[in-house]
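Heads up: the structure comes next, in structure tokens.
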Amino acid sequence: MTGQPKGFHIGASYYPEHWPQERWERDLGAMTDLGFTAVRMLEFAWSRLEPRPGEYRFDWFDRAADLCETFGLSMMLGTPTAAPPVWLISAYPDILPVGPDGLRRQPGGRRHYCLHNERYRAAARGVVEQLANHLAGRTDIVAWQVDNEVGAYRSTFCYCDLCEAAFRRWLEARYHDVATLNQRWGTVFWSQEVRGWDEVQIPRPAMNGWTGSNKSALLDFWRFSSDALADFVGDQADALREWFPQVPVTTNWTSLTTAAFDREVMAKRIDFTSWDNYELDLYGASFNHDVVRGAKHGSQPTWTPEQRCAPPDNRQHVPLLREGEVTTMTLHNIACGSDATIYFRLEQALFGAENAHGGILDRSGGTDTRIYRELASSVPRLRQIGDAVAGSQVRARVAIVYDTTAGVAITSPLPHLVKKRSQLLSHLEHLVRPYHRALQSLGVDVDVIPCGRDLAHYDVVILAGQVIASGDLATSVRKYVAGGGCLVATPFTAHVDDNDNLVAAAVPAGLTDVFGLSVTDQDFLADGETVVLARPVGAGEAPVPDLQGVLCCDLLRLAGAEVKFEYRNRWYAGTPAIASHTYGRGTAMYVGTALDHVAVRSLLTEVLAERDVEWHDLPPDVHLRRRFGPGSGPPEVTEYVFVVNGGEVEQTVTLQGRYRDLLTGEELDGAIGVKARDAVVLCRALPR
Ligand code: GLA
Ligand code: ZN
1 MTGQPKGFHI GASYYPEHWP QERWERDLGA MTDLGFTAVR MLEFAWSRLE
51 PRPGEYRFDW FDRAADLCET FGLSMMLGTP TAAPPVWLIS AYPDILPVGP
101 DGLRRQPGGR RHYCLHNERY RAAARGVVEQ LANHLAGRTD IVAWQVDNEV
151 GAYRSTFCYC DLCEAAFRRW LEARYHDVAT LNQRWGTVFW SQEVRGWDEV
201 QIPRPAMNGW TGSNKSALLD FWRFSSDALA DFVGDQADAL REWFPQVPVT
251 TNWTSLTTAA FDREVMAKRI DFTSWDNYEL DLYGASFNHD VVRGAKHGSQ
301 PTWTPEQRCA PPDNRQHVPL LREGEVTTMT LHNIACGSDA TIYFRLEQAL
351 FGAENAHGGI LDRSGGTDTR IYRELASSVP RLRQIGDAVA GSQVRARVAI
401 VYDTTAGVAI TSPLPHLVKK RSQLLSHLEH LVRPYHRALQ SLGVDVDVIP
451 CGRDLAHYDV VILAGQVIAS GDLATSVRKY VAGGGCLVAT PFTAHVDDND
501 NLVAAAVPAG LTDVFGLSVT DQDFLADGET VVLARPVGAG EAPVPDLQGV
551 LCCDLLRLAG AEVKFEYRNR WYAGTPAIAS HTYGRGTAMY VGTALDHVAV
601 RSLLTEVLAE RDVEWHDLPP DVHLRRRFGP GSGPPEVTEY VFVVNGGEVE
651 QTVTLQGRYR DLLTGEELDG AIGVKARDAV VLCRALPR
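Going by full-length UniProt numbering, the residue at position 658 of the sequence shown is 658; the numbering climbs one at a time, nothing skipped.
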């Protein structure tokens with residue numbers, strides 16, 4: 001693997017193939033005038049790079065690339081495989097994917113390909129290899145992007161015959177014989193037993209009514225499709241490395257909820273992770289940044305290959321971004337560990353499906369736009385900050401373990417235990433994100449990581465809705481707590497096995513001794529109903545605030561755990577709601593309900609204080625993030641503190657210790673003022 005990209009990059013996506021050549025100079029010149037350092041190109045240009053089968057045309061792009069070099073702009077280049085050209089589809093219409101309804105999807109948009117179609121794979125390999133071979137001498141390519149937003153619009157899944165055949169092979173490699181498959185999928189239920197691999201089908205909508213299909217089959221089809229996507233990305237990454245061993249490869253992911261695949265598996269095939277930031281607020285952006293960083297090494301920098309900077313054309317209504325908003329989002333990207341922000345896009349396309357999507361320039365290529373003026377004044381400052389912190393690491397002391405497989409089994413249309421018990425309960429929104437949001441509001445850095453990682457270096461680990469009780473989970477959690485860790489777990493911890501079958505054991509399955517309790521029953525609340533949690537009578541002198549939960553209440557049978565909070569209303573009032581247990585040198589806390597924001601925040605302040613993790617009582621919309629880089633001498637590191645205000649009013653944050661303003665050099669201690677839609681970046685030397 002090539003390793004991490006170097007330095008800080010700021011720029012915009014640009015499509016030379018959309019403009020007459022006479023305009024290129026003016027457009028690239030506008031980027032240089034703004035102080036941009038990079039341009040992102042090519043990710044949809046297949047029909048111009050290969051206008052006819054096997055006939056490659058790179059001359060036009062050479063001219064564009066040479067001009068970028070003249071203007072001092074480095075290039076992030078995308079492979080064009082997200083937009084298979086018309087000639088390819090006309091020749092081989094079965095490249096088009098088939099939907100769950102059995103109907104072939106039609107061309108006219110993008111991402112219209114089946115991953116198991118060898119004609120498509122060969123054509124994709126061809127254009128990628130020819131392009132890489134042609135550009136191999138260039139030294140101004142700073143990163144490669146494979147395809148574009150893989151998995152978006154449910155494009156991970158295809159239900160064609162080729163995919164079905166590949167699914168059978170994937171299952172055979174996993175289970176070896178059909179007897180095992182039958183047993184693991186529980187196919188005896190409703191006579192679904194198969195006698196050979198050729199009887200296995202991709203789970204498609206069937207005569208199931210409210211019950212849904214076989215959950216094990218759905219989950220395996222999800223995994224199979226996810227593996228295929230990672231393989232597709234990995235194949236292209238490997239090809240690019242042949243010609244560009246020194247240029248790191250990524251692929252631009254979308255927000256977590258808009259594409260289904262296992263990010264950790266794909267991350268192993270690329271050099272660094274990145275995602276396109278179209279989030280509407282900084283909380284949404286934070287969560288995605290922490291997921292995308294966590295998918296590879298929680299601490300290493302990522303990129304933002306697309307950053308919303310103009311009205312998109314896919315929202316209910318499209319307000320113009322306010323003064324300072326883009327600058328603040330960029331600073332927040334840097335704060336969250338992103339070493340490149342590439343705006344989408346330089347110019348508004350005059351034609352095509354997306355011509356309502358704004359750009360930095362006006363539609364005639366002019367610079368008299370609000371966003372151009374904002375960037376013209378902020379880019380020098382963004383570069384100064386970006387250059388100073390590039391390559392530095394995020395060192396979160398808290399992790400949220402969030403396994404996308406477990407999550408998707410619940411948040412996607414897949415029928416699942418959680419949804420079957422409460423249609424109102426969203427795994428992500430009620431069991432995962434409240435913890436993340438609370439940590440954000442407390443200014444605590446956090447990695448969102450998949451299950452099975454080594455947890456030893458985290459002071460606090462939150463097991464958020466980890467419904468699958470895999471062997472990895474039990475081993476890593478047990479080791480972490482025994483070794484002195486502090487674990488906090490939510491409802492639905494460890495209920496099902498890897499095949500989504502209930503585990504025939506008390507829950508949390510395989511971990512009841514770690515938590516010192518088991519869940520005997522679960523109650524589900526109606527919309528608007530709440531449950532009140534209070535300290536057990538007689539506990540603690542100081543009046544402690546009650547907590548509030550919603551939607552679900554686990555009824556707990558304690559076996560060694562100590563009650564922290566008990567239910568105060570509902571018919572099980574007086575029974576334990578939150579309990580904590582010492583196991584080995586650490587503690588495991590079980591939270592039996594879906595706490596609301598105030599409650600999670602209040603519970604976490606206690607947990608963090610016990611573990612000596614610093615937190616701040618931040619004003620609304622203010623985010624505080626840290627990165628750590630080399631210091632001026634070996635025994636030192638430099639701590640960078642970002643105070644980002646995404647809100648509409650000026651705020652003050654009080655920090656302990658003496659800091660220097662990274663830009664002005666001014667020495668500061670105590671109260672730090674941050675203007676509305678702006679950020680302050682501080683630094684100080686710390687012992688290593
Ligand atoms: C995505 C795509 C871009 C463009 C933008 C529009 O992020 O990657 O090509 O369609 O959305 O918002
Ligand atoms: Zn297919």
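Each residue gets a CB set at the ideal place from its N, CA and C atoms; glycine is no exception. Quantities reported herein were computed from a predicted structural model and do not represent experimental measurements.
Let me know the secondary structure DSSP gives residue i once reduced to three states.
| i | result |
| --- | --- |
| F189 | coil |
| A685 | strand |
| P93 | helix |
| F221 | helix |
| W19 | coil |
| Q145 | strand |
| G358 | coil |
| I463 | Before going on, a small fix: residue 463 reads as Leu here, not Ile. Strand. |
| T32 | helix |
| T475 | helix |
Whose CA, out of the options, lies closest to the CA of residue i?
| i | options | result |
| --- | --- | --- |
| A594 | V394, T367, D527 | D527 |
| I449 | R345, S226, D403 | D403 |
| G633 | S470, R684, E50, P100 | R684 |
| V481 | L331, G584, T405, W87 | G584 |
| G196 | L181, R204, M207 | L181 |
| V477 | A588, R241, P545, D387 | A588 |
| V146 | F61, A267, V532 | A267 |
| F71 | T32, L77, P85, P93 | T32 |
| P205 | S213, E199, D198 | S213 |
| R168 | A217, C336, A671, D66 | A217 |
| L280 | T273, G294, H9, L320 | L320 |
| V247 | T328, E199, S602, L135 | L135 |
Using only the alpha-carbon positions, how far apart do residue i and residue j sit?
| i | j | result |
| --- | --- | --- |
| G592 | R48 | 57 Å |
| L655 | G560 | 40 Å |
| W144 | F189 | 48 Å |
| L547 | E648 | 29 Å |
| P100 | S155 | 11 Å |
| L414 | T187 | At L414, the pLDDT of 46 sits below 50, so the modelled position is not reliable and the matter cannot be decided from this model. |
| T37 | E17 | 21 Å |
| R138 | W253 | 26 Å |
| V637 | Q201 | 56 Å |
| T367 | L361 | 5 Å |
| R223 | D262 | 8 Å |
| S226 | V446 | 26 Å |
| A349 | V444 | 41 Å |
| R397 | R373 | 39 Å |
| N645 | T405 | 34 Å |
| R184 | L555 | 29 Å |
| I385 | L662 | 7 Å |
| I410 | G298 | For I410, the predicted structure reports a pLDDT of 44, less than 50, and the residue's modelled location is therefore unreliable. A value from the coordinates is still provided. In a straight line, the C-alpha of I410 is about 25 Å away from that of G298. |
| L473 | A494 | 9 Å |
| G284 | H430 | 15 Å |
| G337 | V150 | 22 Å |
Would you kindly check if the distance between the Cβ of residue j and the Cβ of residue i is under 9 Å?
| i | j | result |
| --- | --- | --- |
| L455 | V401 | yes |
| R570 | C553 | yes |
| residue 698 | R383 | Because the chain here runs from 1 to 688, residue 698 falls outside it and cannot be looked at. |
| R395 | R688 | no |
| A82 | R111 | yes |
| D497 | I468 | yes |
| L463 | A489 | yes |
| H597 | R437 | yes |
| P301 | T250 | no |
| T79 | L115 | no |
| G516 | H457 | no |
| Y640 | V674 | no |
| I371 | C309 | yes |
| F344 | A12 | yes |
| G3 | D271 | yes |
| P5 | W275 | no |
| L533 | A579 | no |
Inset, instruction - Would you list, in sequence order, the uninterrupted alpha helix (DSSP H) runs of no fewer than 4 residues that lie entirely inside the segment 247-288? - result: 263-267
Inset, instruction - Identify every run of the beta strand (DSSP E) within the segment 52-78, keeping only runs that are complete inside it and at least 3 residues long; order them along the chain. - result: 74-78
Legend entry - 3 or more residues per run - each beta strand (DSSP E) lying fully within the segment 586-650: 586-591, 593-595, 622-630, 636-645
Inset, instruction - Would you list, in sequence order, the uninterrupted beta strand (DSSP E) runs of no fewer than 3 residues that lie entirely inside the segment 501-581? - result: 517-524, 530-534, 547-558, 562-567
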